[in-house]
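Enquirer: For the sequence shown, the working numbering gives the first residue as 83, with consecutive numbering after it.
For every residue, glycine included, the Cβ atom is placed at its ideal position computed from N, Cα and C.
Quick one: the structure is below, questions incoming.
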Amino acid sequence: MFSTASALLHRVASPTIPSTSIKIFRDVPALRQWRRKQLIDYRTVGLVPTMGALHEGHLSLIRLAAAENSNVIVSIYVNPTQFGVHEDLDSYPKTWEKDCKMLKDLDMELADNGNMGKIAAVFAPTSDTMYPSGPPSQEVKAKGSFVTITPVGELLEGPAGQHFQGVATVCMKLFNIVMPEKDFCMDTKVVIGDTQREHDGLALSSRNVYLGKRRRNIATALFKVLKVAEQGYKFGHRSRDELLGPALELAKLLLMEQYQLKPEERVRFEVDYISLADPMTMEEIQEVDETKGAILSGAIKMLPVEAPQPGEDLGLSDGPPVRLIDNIILKPVKL
Numbered sequence: 083m084f085s086t087a088s089a090l091l092h093r094v095a096s097p098t099i100p101s102t103s104i105k106i107f108r109d110v111p112a113l114r115q116w117r118r119k120q121l122i123d124y125r126t127v128g129l130v131p132t133m134g135a136l137h138e139g140h141l142s143l144i145r146l147a148a149a150e151n152s153n154v155i156v157s158i159y160v161n162p163t164q165f166g167v168h169e170d171l172d173s174y175p176k177t178w179e180k181d182c183k184m185l186k187d188l189d190m191e192l193a194d195n196g197n198m199g200k201i202a203a204v205f206a207p208t209s210d211t212m213y214p215s216g217p218p219s220q221e222v223k224a225k226g227s228f229v230t231i232t233p234v235g236e237l238l239e240g241p242a243g244q245h246f247q248g249v250a251t252v253c254m255k256l257f258n259i260v261m262p263e264k265d266f267c268m269d270t271k272v273v274i275g276d277t278q279r280e281h282d283g284l285a286l287s288s289r290n291v292y293l294g295k296r297r298r299n300i301a302t303a304l305f306k307v308l309k310v311a312e313q314g315y316k317f318g319h320r321s322r323d324e325l326l327g328p329a330l331e332l333a334k335l336l337l338m339e340q341y342q343l344k345p346e347e348r349v350r351f352e353v354d355y356i357s358l359a360d361p362m363t364m365e366e367i368q369e370v371d372e373t374k375g376a377i378l379s380g381a382i383k384m385l386p387v388e389a390p391q392p393g394e395d396l397g398l399s400d401g402p403p404v405r406l407i408d409n410i411i412l413k414p415v416k417l
């Protein structure tokens with residue numbers, strides 16, 4: 083019975099993205115069978131985990147993966163366990179057809195540029211596949227099996243983003259399913275790629291679609307604040323006060339400018355934190371070690387607009403609160 087089922091599995095071809103050789107896997111057995119063949123053929127596999135709604139940031143990671151691996155797998159899965167209790171999972175942008183078109187175009191680009199690898203497959207599972215017993219609750223102290231990383235998970239975004247254990251859990255599942263030679267998800271820092279930005283510096287994020295026009299115009303506030311600290315580092319400042327002091331002053335000034343406007347014009351935001359941390363431990367530091375550099379990071383919450391005007395572009399889902407995060411790497415000084 084087993085041999086018959088196995089033979090049938092060999093005969094059933096996986097679907098592909100139209101007009102490409104990029105396979106689409108929805109379940110684990112078919113993907114693992116394909117992965118075993120790559121192992122036998124001595125072909126390396128890189129993984130780029132995503133939640134879809136692809137943008138240039140994702141594409142830059144795929145390029146990194148293709149430069150070092152024969153085959154690249156892109157996972158597209160909106161993971162329910164990495165959404166907070168009050169975040170709307172259902173409203174998260176889902177752009178499957180657009181994502182497939184972007185992957186098709188990128189694969190053609192990779193072929194034209196003579197890269198080592200190509201986009202070989204998309205893994206787009208359902209929640210029934212990823213969580214056969216059902217995903218654990220989004221509550222902070224929910225019951226269920228999670229991957230918890232300490233102490234890093236308690237630093238920076240950890241306290242504010244209770245979703246991190248959901249991220250760690252789904253990534254561990256993906257690593258076990260795909261078994262990549264290398265992972266190219268920026269959050270794991272296995273390979274650090276430059277943050278991809280809009281023309282004005284706003285870090286690319288699938289959640290930017292929630293901003294709307296008014297808040298989008300002010301959303302670069304965090305980037306501007308971090309750039310002030312970075313400039314201080316380039317000028318030779320190394321202490322926390324010298325670097326973060328001017329940055330925090332700029333944040334106050336930008337916020338004050340908004341509150342001087344009329345309600346129908348202003349944008350409200352709250353600074354969650356501005357951090358100067360050790361690049362290895364992620365712990366806060368008082369002085370930058372020039373031989374190691376540091377990580378500047380921060381988070382702000384863009385609040386819903388006041389006095390929305392008729393026909394105003396409020397963003398997806400009528401502009402809910404949007405938490406923006408960003409970071410800048412302060413590189414070691416060459417001695």
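Could you tell me the distance, in whole angstroms, from the CA atom of glutamate 369 to the CA atom of proline 390?
Expert: In the sequence shown, counting from the first residue as 1, residue 369 sits at position 287. In the sequence shown, counting from the first residue as 1, residue 390 sits at position 308. For glutamate 369 and proline 390, the distance between alpha carbons rounds to 44 Å.
Enquirer: Do you know how far the Cα of arginine 279 is from the Cα of lysine 183?
Expert: As a working mapping, residue 183 is identified with position 101 in the sequence shown. As a working mapping, residue 279 is identified with position 197 in the sequence shown. Going by the C-alpha atoms only, they are around 21 Å apart.
Enquirer: Just to confirm before moving on: does the CB-CB distance between serine 288 and proline 214 stay below 7 Å?
Expert: Position 206 of the sequence shown, counting from 1, holds the residue named residue 288. Position 132 of the sequence shown, counting from 1, holds the residue named residue 214. No, the Cβ-Cβ distance between serine 288 and proline 214 is not below 7 Å.
Enquirer: Please decide whether arginine 125 counts as near chain B, where near means a Cβ-Cβ distance under 7 Å.
Expert: No chain B appears in the structure shown, which is made up of a single protein chain.
Enquirer: CA-CA distance, lysine 180 and alanine 135?
Expert: Looking up residue 180 in the sequence shown gives position 98. Looking up residue 135 in the sequence shown gives position 53. Straight-line Cα distance between these residues: approximately 8 Å.
Enquirer: Output yes or no for whether 7 Å exceeds the beta carbon distance between threonine 177 and serine 152.
Expert: If you number the sequence shown from 1, residue 177 lands on position 95. If you number the sequence shown from 1, residue 152 lands on position 70. In this structure, serine 152 does not lie closer than 7 Å to threonine 177 by Cβ.
Enquirer: So, do the region 318-337 and the region 187-202 have three or more beta carbon pairs nearer to each other than 8 Å?
Expert: With the cut-off at 8 Å, the region 318-337 and the region 187-202 do not touch.
Enquirer: In three-state terms, what does DSSP make of isoleucine 231?
Expert: As a first step, residue 231 must be located in the sequence shown, where it is residue number 149. Isoleucine 231 falls in the coil class under three-state DSSP.
Enquirer: Give the straight-line distance between the Cα atoms of proline 402 and proline 386, rounded to the nearest whole angstrom.
Expert: Locating residue 402 in the sequence shown gives position 320, where the first residue counts as 1. Locating residue 386 in the sequence shown gives position 304, where the first residue counts as 1. Straight-line Cα distance between these residues: approximately 6 Å.
Enquirer: Would leucine 304 pass as a contact of aspartate 408 if the rule is Cβ separation under 7 Å?
Expert: By 1-based counting over the sequence shown, the position of residue 304 is 222. By 1-based counting over the sequence shown, the position of residue 408 is 326. Cβ atoms of leucine 304 and aspartate 408: closer than 7 Å.
Enquirer: Quick check: the Cα distance between isoleucine 231 and methionine 254, rounded to an integer number of angstroms?
Expert: Within the sequence shown, numbered from 1, the residue matching residue 231 stands at position 149. Within the sequence shown, numbered from 1, the residue matching residue 254 stands at position 172. Answer to the nearest angstrom: the Cα atoms are 11 Å apart.
Enquirer: Give the DSSP-derived three-state secondary structure of asparagine 290 in the structure shown.
Expert: Taking the sequence shown and counting its residues from 1, the one referred to as residue 290 is at position 208. Correct three-state label for asparagine 290: helix.
Enquirer: For the candidate residues Val404, Leu113 and Asn197, whose alpha-carbon lies nearest to that of asparagine 258?
Expert: Looking up residue 258 in the sequence shown gives position 176. With distances taken between Cα atoms, asparagine 258 lies closest to Leu113.
Enquirer: Leaving aside the five residues before and after threonine 373 along the sequence, list all residues of the same chain whose C-beta is less than 6 Å from its C-beta, in chain order.
Expert: By one-based count along the sequence shown, residue 373 stands at place 291. Answer for threonine 373: Pro414, listed in chain order.
Enquirer: My guess is that isoleucine 144 and valine 154 are in contact by the Cβ rule of under 8 Å, so how many angstroms apart are they, rounded?
Expert: One-based indexing of the sequence shown puts residue 144 at position 62. One-based indexing of the sequence shown puts residue 154 at position 72. Between valine 154 and isoleucine 144 the Cβ distance is about 6 Å, and since that is below 8 Å, they are a contact.
Enquirer: What ranges does the beta strand (DSSP E) occupy inside the region 182-223, keeping only unbroken runs of at least 3 residues that lie completely in it?
Expert: Entirely contained in the region 182-223, the beta strand (DSSP E) runs reaching 3 residues are, in chain order, 200-205.
Enquirer: Determine whether the beta carbon atoms of leucine 238 and serine 357 lie at a separation below 7 Å.
Expert: Taking the sequence shown and counting its residues from 1, one reaches residue 238 at position 156. Taking the sequence shown and counting its residues from 1, one reaches residue 357 at position 275. Yes, they are a contact pair.
Enquirer: Methionine 384: buried (16+ other C-beta within 10 angstroms of its C-beta) or exposed?
Expert: Counted from its first residue, the sequence shown places residue 384 at position 302. Buried, because 16 or more other Cβ atoms sit within 10 Å of the Cβ of methionine 384.
Enquirer: Which residue marks the beginning of the beta strand (DSSP E) containing arginine 117, and which one marks its end?
Expert: One-based indexing of the sequence shown puts residue 117 at position 35. Taken as a continuous stretch (DSSP letters only), arginine 117 belongs to no beta strand (DSSP E), being part of the alpha helix (DSSP H) at 110-122.
Enquirer: If you draw a straight line from the alpha carbon of proline 260 to that of glutamate 347, how long is it in whole angstroms?
Expert: As a working mapping, residue 260 is identified with position 178 in the sequence shown. As a working mapping, residue 347 is identified with position 265 in the sequence shown. Note that residue 260 is valine in the sequence shown here, rather than proline. Whole-angstrom Cα-Cα distance: 49 Å.
Enquirer: Compare the C-alpha of glycine 216 against each of Asp194, Leu256, Thr163 and Met190 and name the closest.
Expert: If you number the sequence shown from 1, residue 216 lands on position 134. Residue Thr163 is the option with its Cα nearest to glycine 216.
Enquirer: Run through DSSP, which three-state label would arginine 322 get?
Expert: Locating residue 322 in the sequence shown gives position 240, where the first residue counts as 1. Reduced to three states, the DSSP call for arginine 322 is helix.
Enquirer: Give the DSSP-derived three-state secondary structure of asparagine 258 in the structure shown.
Expert: Locating residue 258 in the sequence shown gives position 176, where the first residue counts as 1. In the structure shown, asparagine 258 sits in a helix (DSSP, three-state: H, G or I).
Enquirer: Assuming proline 328 and glycine 314 make a contact with CB atoms under 8 Å, what is their CB distance in whole Å?
Expert: Here residue 328 refers to the residue found at position 246 when the sequence shown is read from its first residue. Here residue 314 refers to the residue found at position 232 when the sequence shown is read from its first residue. That pair is a contact at about 6 Å.
Enquirer: In this structure, what does DSSP give as the bridge partners for proline 175?
Expert: Taking the first residue of the sequence shown as 1, we reach residue 175 at position 93. DSSP, once it has assigned bridges, lists no residue as partnering proline 175.
Enquirer: Let me know the secondary structure DSSP gives phenylalanine 107 once reduced to three states.
Expert: The residue you call residue 107 lines up with position 25 of the sequence shown. Looking at phenylalanine 107 - three-state DSSP - the assignment turns out to be strand.
Enquirer: According to DSSP, what are the bridge partners of threonine 132?
Expert: Here residue 132 refers to the residue found at position 50 when the sequence shown is read from its first residue. Threonine 132 pairs with Ile158.
Enquirer: Closer than 6 Å by C-beta to glutamine 247: which residues in its own chain qualify, once you throw out the five before and the five after it? Chain order, please.
Expert: Mapped onto the sequence shown, residue 247 falls at position 165. So the qualifying residues of the chain are Phe228 and Thr230.
Enquirer: Over the uninterrupted alpha helix (DSSP H) stretch that includes valine 370, give me the two end residues.
Expert: Taking the first residue of the sequence shown as position 1, residue 370 is located at position 288. Here valine 370 belongs to no alpha helix (DSSP H), and DSSP marks it neither H nor E.
Enquirer: Cutting at 8 Å between CB atoms, please list the residues of its own chain near threonine 208, excluding the five before and the five after it.
Expert: Along the sequence shown, read from residue 1 onward, the residue named residue 208 stands at position 126. Here the set comprises Arg108.
Enquirer: Would you tell me roughly how many angstroms separate the C-alpha atoms of aspartate 210 and glycine 294, rounded to the nearest one?
Expert: Taking the first residue of the sequence shown as position 1, residue 210 is located at position 128. Taking the first residue of the sequence shown as position 1, residue 294 is located at position 212. Their backbone Cα atoms lie some 34 Å apart in a straight line.
Enquirer: Please classify leucine 343 as buried or exposed, where buried requires at least 16 other C-beta atoms within 10 Å of its C-beta.
Expert: Against the sequence shown, residue 343 aligns to sequence position 261. Burial call: exposed.
Enquirer: If I measure Cβ to Cβ from serine 173 and keep anything under 6 Å in the same chain, skipping five residues before and after, which residues do I get?
Expert: In the sequence shown, the residue the question calls residue 173 occupies position 91. These residues qualify, in order along the chain: Ser399.
Enquirer: What do you get for aspartate 269, buried or exposed, if any count of 16 or more other CB atoms within 10 angstroms of its CB means buried?
Expert: Within the sequence shown, numbered from 1, the residue matching residue 269 stands at position 187. The pLDDT assigned to aspartate 269 is 38, lower than 50, so where the model puts this residue is not dependable, and the model offers no usable value.
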